[in-house]
Structure formats: structure tokens, C-alpha cells
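Each step along the sequence shown adds one to the number in the working numbering, with nothing skipped, and position 74 is 785.
Each residue gets a CB set at the ideal place from its N, CA and C atoms; glycine is no exception.
From a predicted model like this one, the values you see are computed outputs, not experimental measurements.
Working notes, structure below.
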Amino acid sequence: MSATEPTFQLRATVLGARDPERLGRFWAELLGWELFVDDETWCRVRPASGQPGLSVQREELHVPPAWPAGDGEQQMQMHLDVQVDDVDAAVRRALELGATLEDHQPQEDNRVLRDPEGHLFCLFLT
């Protein structure tokens, strides 16, 4: 690599939320990661390993996507995949923390949920 070529390292996926700390706390508890609240507009959720994590920024006008989306509806831009060793137990834990289970479940071996701000995520077996 030459001295003029920049290096890149992905550090986080950033989610928008009306209440960043609440959403950060949900993900920290679900994943067993540490929550760092920088201020009322930004927090970080990081694993102890130092690997990339999640960040949450305040978006006053955050609108959860429709899923599956119809014409003219806010479509899902992305979702998070979370690998688990027991889908049923993981769903129960996520629901306890404030997630909701989607009615539409397109596959037998995973579950589609929404976090407290409406971001979609999937729980799937290892």
C-alpha cells in the first residue's frame, strides 16, 4: 500500500432514534455489550472484544419502516442479523427488553422482530 492510499476500518453501524439512550440500553442488554452515553444525542454500544459495534444518534423525526413495505411507505433500508443458540429463548428475552415480534415471519428457522424504535432485526440459529 502506498503512503497516499487511505485505510478504512468499519467501527459501527449507526441507528437513528428519538431516544438514543433507551435504544442503546436495549441493544446493550440484548447483546451483553457495554453502553457509553456520550450525551443526549449520541451513545455507543460496544463489545468487550473491541470489535465494531452499534451507535445510536438522535433523530427527532425517526419513522420506523413498513415491513413488508407497500407502495409509498417508508421501506426498510437495512436490518441487523443476530445469531443465537436458542431462537425461542432469544425471542423471549428480546420481548422482555422491549422488542416486538413481527406478524410476517418469512422463514421457519429465524424470527423477525423490531427494537423499541422500530428497527427490524432477525434472530437466527448458530
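Practice task
Would you decide whether A759 is buried or exposed? Buried here means 16 or more other CB atoms lie within 10 Å of its CB.
Solution key: Exposed, because fewer than 16 other Cβ atoms sit within 10 Å of the Cβ of A759.
Practice task
With F832 as the anchor, note down where its beta strand (DSSP E) starts and where it stops.
Solution key: The continuous beta strand (DSSP E) containing F832 extends over residues 831-836.
Exercise for the section: Taking A728 as part of the beta strand (DSSP E), name the residues at either end of that continuous run. Expected result: 723-728 is the extent of the beta strand (DSSP E) around A728.
Practice task
Look at Q786 and P776 and say whether their C-beta atoms are less than 8 Å apart.
Solution key: Yes, they are a contact pair.
Exercise for the section: Would you tell me roughly how many angstroms separate the C-alpha atoms of S766 and D782, rounded to the nearest one? Expected result: In this structure, the straight-line span from the alpha carbon of S766 to that of D782 is close to 30 Å.
Practice task
Please classify E745: does DSSP put it in a helix, a strand, or coil?
Solution key: Three-state DSSP puts E745 in a strand.
Handout entry: In DSSP terms, what L824 is bridged to
Key = Its beta-bridge partners are L812, F832.
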